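Chemist: Quick one: structure below, then a few questions.
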Amino acid sequence: MSAKFFVFFLFVVLAAGLVFATDYECEFDYRANVNCSAVGAAETFCQLAGPGPVANNPAVPTTCITNTPATPGKVICTLKNYNGPANSIRCSNTPSYVRGPDAVGGAVSGGCPYNDCELNQISCASAFAYQKCVVDSSDPRCNKWQATNCVANAPCRSSTPAELAVCAGLNSNQIESRNGVYFVVSGSPPAGGQPAQPVNNAGGKGSYPYNGKTYYVVTSTDSSLDTGNEVCASVGKKCVGYTGYATDICKYFHPDATVTTTVNGSKAGFYCNGPPQTGLACGTSFNNCQICPACNVNMDCSTPIGNLFREMYVECGTGQNPFGNFVFFGFGDGTYNAEIQNYNGSTTVYTFDLQNGQITNYKEGVLGPSAKGTFRTSATVLDTIKNSSDPAKEAVNQLKNDGIQYFPNNLIDHVWFFFFRLFLNFR
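The sequence shown begins at 2 in the working numbering and counts up by one.
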């Protein structure tokens with residue numbers, strides 16, 4: 002992987018309103034071991050790696066300190082007067098990375114806690130899968146690899162951009178080689194604005210695992226599959242909702258679609274392919290994945306997507322009570338929330354009702370605004386309790402030792418829980 006470039010990757014964004022230019026900087030520490038007196042040494046951290054609105058406005062080294070035993074080295078690269086989206090620029094993926102990109106004069110974000118890949122980088126993940134570098138939703142400063150099966154489960158080859166494009170279901174002009182590393186770039190819209198055929202959602206019943214959740218296609222072209230409830234029921238699951246606030250899911254089902262950020266539609270990614278949809282978002286857009294970050298979701302599990310969207314992508318869950326037969330000893334009747342970390346690191350949320358310590362009603366994917374408090378735990382802890390020879394005793398131990406944490410939402414419950422914890426510690 003290339004490690005000495007200040008990398009800026011730009012999405013195709015159509016944003017309403019005026020965006021003011023800002024200076025951004027990235028910092029690299031002594032591990033760069035750069036000799037600032039060498040011509041062009043610091044600039045190697047500040048080169049661009051692709052086209053876009055910063056192509057004619059390269060980042061430059063504004064600070065360079067040669068590393069010596071007495072003085073820790075440092076390089077700061079600055080991109081001046083950048084008016085694109087801040088979440089589409091990245092610093093070099095190199096061990097010497099410290100922080101950024103930070104707006105000059107603004108809050109310092111600190112560095113990404115790990116270095117993984119460069120945004121929009123693409124390569125083979127195995128013999129039959131490719132991987133793409135995307136923004137990590139759990140830490141927007143960072144990137145992560147996201148693996149996907151090749152189209153038609155065919156072998157993955159990436160000795161040329163064209164070969165990798167075939168594996169990923171992209172046009173060859175959508176993959177570009179930069180110093181021997183491949184990146185996905187914006188492709189051309191369909192010729193003549195003609196509708197394109199979907200690739201990965203055979204029959205409108207496809208599914209896609211994304212960020213620890215499973216999403217299914219809700220389609221306007223089949224009245225039996227045009228609501229989240231209908232689609233999830235067709236696979237024996239319950240509808241959680243439209244929780245995929247990204248266009249990545251749409252792009253999986255339509256790899257050759259263009260991507261647009263707009264001011265109409267839904268904050269959950271959706272697909273447009275022209276008529277019969279007539280809304281502002283989809284009425285004249287062909288083979289286009291869209292998202293409106295400033296919008297509401299504008300759909301619930303029971304709403305037909307109708308004439309607004311050609312496709313949406315709904316999260317379906319098991320509908321299983323995550324706590325099993327866990328007894329909430331000492332907690333009063335009422336509504337509570339839960340946040341449970343899954344084995345893959347993602348988090349699933351619930352709201353549930355308690356009566357006499359037992360869960361009487363629960364809903365996955367929702368946090369109740371009027372809940373008395375929130376439980377936080379993990380699937381590991383819950384399985385430990387379930388498999389214990391004395392589940393009740395193990396549950397108390399987990400609560401005492403913060404395996405299960407409880408956060409009351411009002412002062413009275415805070416006082417109550419303080420004394421409740423004291424009581425548990427004396428048991």
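We treat Cβ as the ideally placed atom computed from N, Cα and C, and that holds for glycine.
None of these values were measured; they are calculated from a predicted model.
Candidates N289, E26, V105: which alpha carbon is nearest K75's?
Modeler: If you number the sequence shown from 1, residue 75 lands on position 74. Ranking the options by Cα distance to K75, first place goes to E26.
Chemist: Between which two residues does the beta strand (DSSP E) holding P102 run?
Modeler: One-based indexing of the sequence shown puts residue 102 at position 101. P102 -> beta strand (DSSP E) spans 98-104.
Chemist: Any idea what DSSP makes of V152, helix, strand or coil?
Modeler: One-based indexing of the sequence shown puts residue 152 at position 151. If DSSP states are grouped into helix, strand and coil, V152 belongs with the helices.
Chemist: With burial defined as no fewer than 16 other Cβ atoms inside 10 Å of the residue's Cβ, what is the status of H255: buried or exposed?
Modeler: Here residue 255 refers to the residue found at position 254 of the sequence shown. That one is buried.
Chemist: Alpha carbon to alpha carbon, how far is C302 from F46?
Modeler: Residue mapping note: residue 302 aligns to position 301 of the sequence shown, counting from 1. Residue mapping note: residue 46 aligns to position 45 of the sequence shown, counting from 1. Answer to the nearest angstrom: the Cα atoms are 48 Å apart.
Chemist: Alpha carbon to alpha carbon, how far is V236 from V218?
Modeler: Locating residue 236 in the sequence shown gives position 235, counting from the first residue. Locating residue 218 in the sequence shown gives position 217, counting from the first residue. Per the coordinates, the alpha-carbon of V236 lies some 11 Å from the alpha-carbon of V218.
Chemist: Put A126 into one of helix, strand or coil per three-state DSSP.
Modeler: Your numbering for residue 126 matches position 125 in the sequence shown. Correct three-state label for A126: strand.
Chemist: Measure the CB-CB distance between Q122 and Y183 and report whether it falls below 8 Å.
Modeler: By 1-based counting over the sequence shown, the position of residue 122 is 121. By 1-based counting over the sequence shown, the position of residue 183 is 182. For Q122 and Y183, yes; Cβs fall inside 8 Å.
Chemist: Looking at C118: is its Cβ nearer than 8 Å to the Cβ of C134?
Modeler: Counting from 1 along the sequence shown, the entry for residue 118 is found at position 117. Counting from 1 along the sequence shown, the entry for residue 134 is found at position 133. Going by C-beta atoms, C118 is nearer than 8 Å to C134.
Chemist: Can you name the start and end residues of the alpha helix (DSSP H) that G335 belongs to?
Modeler: The residue you call residue 335 lines up with position 334 of the sequence shown. Premise fails: G335 lies in the beta strand (DSSP E), 335-342, not in any alpha helix (DSSP H).
Chemist: Where Q291 and N172 are concerned, what is the direct C-alpha to C-alpha distance, given to the nearest angstrom?
Modeler: Taking the first residue of the sequence shown as 1, we reach residue 291 at position 290. Taking the first residue of the sequence shown as 1, we reach residue 172 at position 171. Approximately 19 Å, taken between the alpha carbons.
Chemist: By the 10 Å Cβ neighbour count, where 16 or more other Cβ atoms means buried, how is T228 classified, buried or exposed?
Modeler: Counting from 1 along the sequence shown, the entry for residue 228 is found at position 227. With 16 or more other Cβ atoms within 10 Å, it is buried.
Chemist: Apart from the five residues on each side of it in sequence, which residues of its chain come closer than 7 Å, Cβ to Cβ, to N410?
Modeler: For the purposes of this step, residue 410 is identified with residue 409 of the sequence shown, where counting begins at 1. A372, K373, G374, listed in sequence order.
Chemist: Quick check: the Cα distance between S139 and G331, rounded to an integer number of angstroms?
Modeler: The residue given as residue 139 occupies position 138 in the sequence shown. The residue given as residue 331 occupies position 330 in the sequence shown. Their Cα atoms are separated by approximately 33 Å.
Chemist: Would you give the residue range spanned by the beta strand (DSSP E) that S178 belongs to?
Modeler: Counting from 1 along the sequence shown, the entry for residue 178 is found at position 177. 176-179 is the extent of the beta strand (DSSP E) around S178.
Chemist: Is the separation between the beta-carbon of G275 and that of F287 shorter than 8 Å?
Modeler: Within the sequence shown, numbered from 1, the residue matching residue 275 stands at position 274. Within the sequence shown, numbered from 1, the residue matching residue 287 stands at position 286. Taking 8 Å as the Cβ cut-off, G275 and F287 qualify as a contacting pair.
Chemist: Apply the 10 Å Cβ neighbour rule to F420 and answer buried if 16 or more other Cβ atoms are within range, or exposed otherwise.
Modeler: The sequence position of residue 420 within the sequence shown is 419, counting from 1. The residue is exposed, with fewer than 16 neighbouring Cβ atoms inside 10 Å.
Chemist: Tell me which residue opens and which closes the beta strand (DSSP E) that C233 is part of.
Modeler: Position 232 of the sequence shown, counted from the first residue, corresponds to residue 233. Segment 229-235 is the alpha helix (DSSP H) holding C233; no beta strand (DSSP E) there.
Chemist: Taking the beta strand (DSSP E) that C240 falls in, what are its first and last residues?
Modeler: Here residue 240 refers to the residue found at position 239 when the sequence shown is read from its first residue. For C240, the enclosing beta strand (DSSP E) stretches over residues 239-242.
Chemist: Please classify S159 as buried or exposed, where buried requires at least 16 other C-beta atoms within 10 Å of its C-beta.
Modeler: Within the sequence shown, the letter at position 158 stands for residue 159. That one is buried.
Chemist: Roughly how many whole angstroms lie between the Cα atoms of A148 and E44?
Modeler: What you label residue 148 is simply residue 147 of the sequence shown in a count that begins at 1. What you label residue 44 is simply residue 43 of the sequence shown in a count that begins at 1. Using only the alpha carbons, I get a separation of about 33 Å.
Chemist: F353: buried (16+ other C-beta within 10 angstroms of its C-beta) or exposed?
Modeler: As a working note, residue 353 is residue 352 in the sequence shown. With 16 or more other Cβ atoms within 10 Å, it is buried.
Chemist: Comparing alpha-carbon positions, which option in P294, L412, A247, T63 lies nearest T263?
Modeler: Residue mapping note: residue 263 aligns to position 262 of the sequence shown, counting from 1. For the residues P294, L412, A247, T63, the minimum Cα distance to T263 belongs to P294.
Chemist: Where does N289 land, buried or exposed, given buried means 16+ other C-beta within 10 angstroms?
Modeler: Within the sequence shown, residue 289 is the residue found at index 288, counting from 1. Per the 10 Å Cβ criterion, buried.
Chemist: Go ahead and pull the three-state DSSP assignment for K392.
Modeler: Here the question's residue 392 lines up with position 391 in the sequence shown. Strictly speaking, residue 392 in this sequence is Pro, with Lys absent from that position. Three-state result, P392: helix.
Chemist: May I ask which residues mark the beginning and end of the beta strand (DSSP E) holding F254?
Modeler: Taking the sequence shown and counting its residues from 1, the one referred to as residue 254 is at position 253. From DSSP, F254 is part of no beta strand (DSSP E) but of the alpha helix (DSSP H) over 249-254.
Chemist: On a CA-only basis, which of N144, T285, V367 is nearest C92? Give me that one, please.
Modeler: Reading the sequence shown from its first residue, position 91 is the one you call residue 92. It is N144 whose Cα lies nearest to the Cα of C92.
Chemist: Please state if the CB of V99 and the CB of C78 are separated by a distance shorter than 8 Å.
Modeler: Numbered from its first residue, the sequence shown carries residue 78 at position 77. Numbered from its first residue, the sequence shown carries residue 99 at position 98. No, Cβ-Cβ distance for C78 and V99 is not below 8 Å.
Chemist: For A108, count neighbouring Cβ atoms within 10 angstroms of its own Cβ and tell me buried if that reaches 16, exposed if not.
Modeler: As a working note, residue 108 is residue 107 in the sequence shown. The residue is exposed, with fewer than 16 neighbouring Cβ atoms inside 10 Å.
Chemist: Could you give the residue range of the alpha helix (DSSP H) that holds T385?
Modeler: Against the sequence shown, residue 385 aligns to sequence position 384. Bounds of the alpha helix (DSSP H) holding T385 are 380-387.
Chemist: Which residues does DSSP list as the beta-bridge partners of G318?
Modeler: Looking up residue 318 in the sequence shown gives position 317. Its beta-bridge partners are K239.
Chemist: What do you get for S38, buried or exposed, if any count of 16 or more other CB atoms within 10 angstroms of its CB means buried?
Modeler: For this step, residue 38 is matched to residue 37 along the sequence shown. Around the C-beta of S38, fewer than 16 other C-beta atoms lie within 10 Å, and the residue is accordingly described as exposed.
Chemist: Considering only DSSP beta bridges, list what Y363 is partnered with.
Modeler: Here residue 363 is taken as the residue at index 362 of the sequence shown, counted from 1. Y363 is bridged to F353.
Chemist: Skipping 5 residues on each side, what residues in its chain have a beta carbon closer than 7 Å to that of E231?
Modeler: Looking up residue 231 in the sequence shown gives position 230. These residues qualify, in order along the chain: S225.
Chemist: Going by C-alpha to C-alpha distance, which of V367, F408, P277, A247 sits closest to S267?
Modeler: In the sequence shown, residue 267 corresponds to position 266, counting from 1. Residue A247 is the option with its Cα nearest to S267.
Chemist: Once you ignore the five residues that flank W417 on each side, which residues in its own chain have a CB closer than 8 Å to its CB?
Modeler: Position 416 of the sequence shown, counted from the first residue, corresponds to residue 417. Excluding positions up to five away in sequence, the list reads P409.
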